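Read in order, the letters of the sequence shown are residues 1 to 283 in the UniProt record's numbering. Reading through the structure tokens given below for one structure.
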Amino acid sequence: MDPQRETHEKNNTEHLIADRREGIGVCGWILVSLSFLLVLITFPISIWACIKIIREYERAVVFRLGRIVSKKAKGPGLVLILPCTDTFVKVDLRTVTCNIPPQEILTKDAVTTQVDGVVYYRIHSAVSAVANVTDVHPATLLLAQTTLRNVLGTQSLAQLLAGREEIAHSIQVILDSATEQWGIKVARVEIKDVRIPVAMQRAMAAEAEAAREARAKVVAAEGEMNASKALKQASMVLAESPAGLQLRYLQTLTTLATENNSTIVFPLPIDMLEILGQKNRGG
Numbered sequence: 001m002d003p004q005r006e007t008h009e010k011n012n013t014e015h016l017i018a019d020r021r022e023g024i025g026v027c028g029w030i031l032v033s034l035s036f037l038l039v040l041i042t043f044p045i046s047i048w049a050c051i052k053i054i055r056e057y058e059r060a061v062v063f064r065l066g067r068i069v070s071k072k073a074k075g076p077g078l079v080l081i082l083p084c085t086d087t088f089v090k091v092d093l094r095t096v097t098c099n100i101p102p103q104e105i106l107t108k109d110a111v112t113t114q115v116d117g118v119v120y121y122r123i124h125s126a127v128s129a130v131a132n133v134t135d136v137h138p139a140t141l142l143l144a145q146t147t148l149r150n151v152l153g154t155q156s157l158a159q160l161l162a163g164r165e166e167i168a169h170s171i172q173v174i175l176d177s178a179t180e181q182w183g184i185k186v187a188r189v190e191i192k193d194v195r196i197p198v199a200m201q202r203a204m205a206a207e208a209e210a211a212r213e214a215r216a217k218v219v220a221a222e223g224e225m226n227a228s229k230a231l232k233q234a235s236m237v238l239a240e241s242p243a244g245l246q247l248r249y250l251q252t253l254t255t256l257a258t259e260n261n262s263t264i265v266f267p268l269p270i271d272m273l274e275i276l277g278q279k280n281r282g283g
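Okay, structure coming up:
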């Protein structure tokens, strides 16, 4: 986020809060004084209505005659409230898990998908969360849904399936900058599931199977080519040594006798075959 923009938004937030914290006027001070006097008169019974306990993970935003008492929320611990003029709102600062329901999205390449996700966020400024937005949690959920649809609408199906982490990070940055003035800090965004139509699943499976078959044929062709080169080199070596060819022939016979014991093989000398071949050519 741009530091100048962050400073500008922070100043605007403080300005809004400052406007709410202008003087309560003479009548207001009279009412506050009467309320304080009533507490003193009814003490110690009134102390039970004045003391509020705020838990460690909570903060209290106190309103006096409808105006925020301080820029900083009160708590945790004991908080003193005037019973007649003061009201307070408790704000939970723990991390909230927000499930984004499945959103039907048309991707950049005109494929209809359903995508759902989850957003983890927390309130870091209780005063801003109370004073700057009506209900911070539904507002964050609706903004997360809209941001998810807008971001995924600019991505193709392949980019959506392969780049979930990058897309989730971009959604987190957009949400964090948009909810800064609400006192929200978006910690993490995750895309849980991407559902595509059954027909598209079949088409993608057929495409992947065809690609695998094509790769298998290429690998088999490369293997045949390598085998033919090796056989060619072996034939050249054996052609230089007739005795080596004879030994190879005997080794092959030994292998056949070991694997197929019921097979009877009669070795025929290679020289005899050469003589027969020469006679045939001479005839």
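Virtual Cβ for every residue (Gly too), placed ideally from N, Cα, C. All figures in this text were calculated on a predicted structure; none of them were measured in a lab.
Point to revise | Cβ neighbours of glycine 223 in the same chain (closer than 7 Å, five flanking residues each side left out) | key: none
Practice item. Kindly indicate the opening and closing residues of the alpha helix (DSSP H) around alanine 187. Key: Looking at the DSSP string, alanine 187 is not in any alpha helix (DSSP H); the run it does join, the beta strand (DSSP E), is 184-195.
Review point. For lysine 74, does the count of other Cβ atoms within 10 angstroms reach 16, so buried, or fall short, so exposed?
Key: buried
Review point. Using a Cβ-Cβ cut-off of 7 Å (strictly less than) and excluding sequence neighbours within five positions of serine 128, which residues of its own chain qualify?
Key: Thr13, Gln181, Trp182, Gly183
Review point. If you draw a straight line from the alpha carbon of isoleucine 196 to that of valine 186, how long is it in whole angstroms?
Key: Distance between the alpha carbons of isoleucine 196 and valine 186 is about 28 Å.
Check your understanding: In angstroms, rounded to a whole number, what distance separates the CA positions of glutamine 159 and lysine 232?
Key -> Rounded to the nearest angstrom, the two C-alpha atoms are 48 Å apart.
Practice item. Return helix, strand or coil for arginine 21, following the three-state DSSP convention. Key: Its pLDDT being 42, under 50, arginine 21 is placed unreliably in this model, and the value from its coordinates should be taken loosely. Under the three-state reduction of DSSP, arginine 21 is assigned to coil, being neither helix nor strand.
**Study point:** Straight-line Cα distance separating alanine 168 from arginine 21
**Key:** Per-residue confidence for arginine 21 stands at a pLDDT of 42, beneath the threshold of 50, marking its modelled position as unreliable; the derived number appears in the next sentence. Cα-Cα distance, rounded: 39 Å.
**Study point:** Burial state of residue 327, where buried means 16 or more other Cβ atoms lie within 10 Å
**Key:** Residue 327 lies beyond the residue range present for the chain, which begins at 1 and ends at 283; the question has no answer from this structure.
Point to revise | Helix, strand or coil at aspartate 109 [DSSP, three-state] | key: coil
Review point. Cβ atoms of arginine 64 and arginine 32: under 9 Å apart, would you say?
Key: The amino acid occupying residue 32 in the given sequence is valine; arginine does not appear at that position. Contact flag set, yes.
Check your understanding: Buried or exposed: where does threonine 113 fall if 16 or more other Cβ atoms within 10 Å of its Cβ makes it buried?
Key -> buried
Review point. What is the DSSP secondary structure of glutamate 104, counted as helix, strand or coil?
Key: strand
Exercise for review: Alpha carbon to alpha carbon, how far is leucine 78 from tryptophan 48? Give it in angstroms, no decimals.
Suggested key: 11 Å
Check your understanding: Near threonine 252, what residues of its chain come up, given a Cβ to Cβ distance below 7 Å and the 5 sequence neighbours on each side ignored?
Key -> none
Review point. Are there 16 or more other CB atoms within 10 angstroms of the CB of isoleucine 191, so buried, or fewer, so exposed?
Key: buried
Review point. Since valine 151 is in the alpha helix (DSSP H), which residue starts that stretch and which ends it?
Key: 136-152
**Study point:** Same chain, Cβ closer than 7 Å to cysteine 84, neighbours up to 5 away in sequence not counted
**Key:** Ser35, Leu38
**Study point:** Inside the region 29-114 only - alpha helix (DSSP H) runs reaching at least 4 residues
**Key:** The alpha helix (DSSP H) runs lying completely inside the region 29-114 and spanning 4 residues or more are 47-50, given in chain order.
Check your understanding: On the three-pair Cβ rule with 8 Å, is the region 95-104 touching the region 114-125?
Key -> yes
Practice item. With a cut-off of 8 Å on the beta carbons, I'd call residue 284 and tyrosine 57 a contact; round off their distance for me. Key: No information on residue 284 is available, as it lies outside the stretch 1 to 283 that the chain covers here.
Review point. Just how far apart, CA to CA, sit leucine 238 and alanine 221?
Key: 26 Å
**Study point:** Buried or exposed by the 16-neighbour rule on C-beta atoms within 10 Å, applied to isoleucine 45
**Key:** exposed
**Study point:** valine 119, DSSP secondary structure in three states
**Key:** strand
Review point. Which residues in the same chain as alanine 144 place their Cβ atom closer than 7 Å to its Cβ, once the five residues preceding and following it in sequence are excluded?
Key: Taking C-beta separations shorter than 7 Å and ignoring five residues to either side along the sequence, the partners of alanine 144 in its chain run Cys98, Ile100, Val119, Leu175, following chain order.
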